[in-house]
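S.K.: Residue numbers for the sequence shown, in the working numbering: 465 to 578.
Note that CB positions come from ideal geometry on N, CA and C, so glycine has one too.
Here the structure is a predicted model, which means the values were calculated and not measured.
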Amino acid sequence: TNVEVQDYMALYVPNPAQRRDPLVAPLMAKDFTNQPSTLVLSAELDLLRDEGEAYGRALQQAGNMVRIHRVEEALHGFIALPWMARSVRDAYEQMNDFLGEERKGEQRDREEKP
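1. Pick out the complete beta strand (DSSP E) segments inside the region 526-556, 3 residues or longer, and give them in chain order.
2. Exposed or buried, which one is residue 520 when buried takes at least 16 other CB atoms within 10 Å?
3. Excluding sequence positions up to five away, which residues of its chain have a Cβ less than 6 Å from the Cβ of residue 551?
4. Counting Cβ pairs closer than 8 Å, one from the region 504-516 and one from the region 473-483, do we hit at least three?
5. Report back the beta-carbon spacing between residue 492 and residue 486 to the nearest angstrom; my notes put them in contact at under 8 Å.
6. Could you tell me the alpha carbon to alpha carbon distance between residue 481 and residue 466, rounded to whole angstroms?
7. What's the call for residue 523, buried or exposed, on a 16-neighbour Cβ count within 10 Å?
8. So, is residue 459 buried or exposed, given that buried needs 16 or more other C-beta atoms within 10 angstroms?
9. Taking the DSSP output, what are the residues bridged to residue 504?
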């Protein structure tokens, strides 16, 4: 619930003035340009899902390379579940694919340099 989210925020960042800092709330950043390639994994049943996906879209709109993937039927913190859980396997497949693409891009960049 919203009350629970606010309670967790108070524990995470006790000083209310710091809660709008982009290091705490990335959507508060004024500039989203020149960011590294980014993978945003969201959990379908997470209260923070929409904010995570909005951050990914903000990065995309600023011209960054971003992949946004929603893990179906997953809760906040699902990544701590056993590896055999479908949601965890899905997330790790996304991470492996993303990192593999990044590695290929880095290799291509090195090959193209004189």
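M.R.: So, from the listed chains and residues:
1. Those beta strand (DSSP E) runs which fall completely within the region 526-556 and span 3+ residues are 530-535.
2. Buried is the call here.
3. Only 535, 538 and 542 meet the Cβ criterion.
4. Too few Cβ pairs lie closer than 8 Å, so no.
5. Contact between residue 492 and residue 486 is confirmed by a C-beta separation of about 5 Å, below the 8 Å threshold.
6. For residue 481 and residue 466, the gap between their C-alpha atoms comes out near 19 Å.
7. Its Cβ being crowded by 16 or more others within 10 Å, residue 523 is buried.
8. The question about residue 459 has no answer here: the residues shown for the chain are numbered 465 through 578.
9. DSSP output for residue 504 lists 532 as bridge partner(s).
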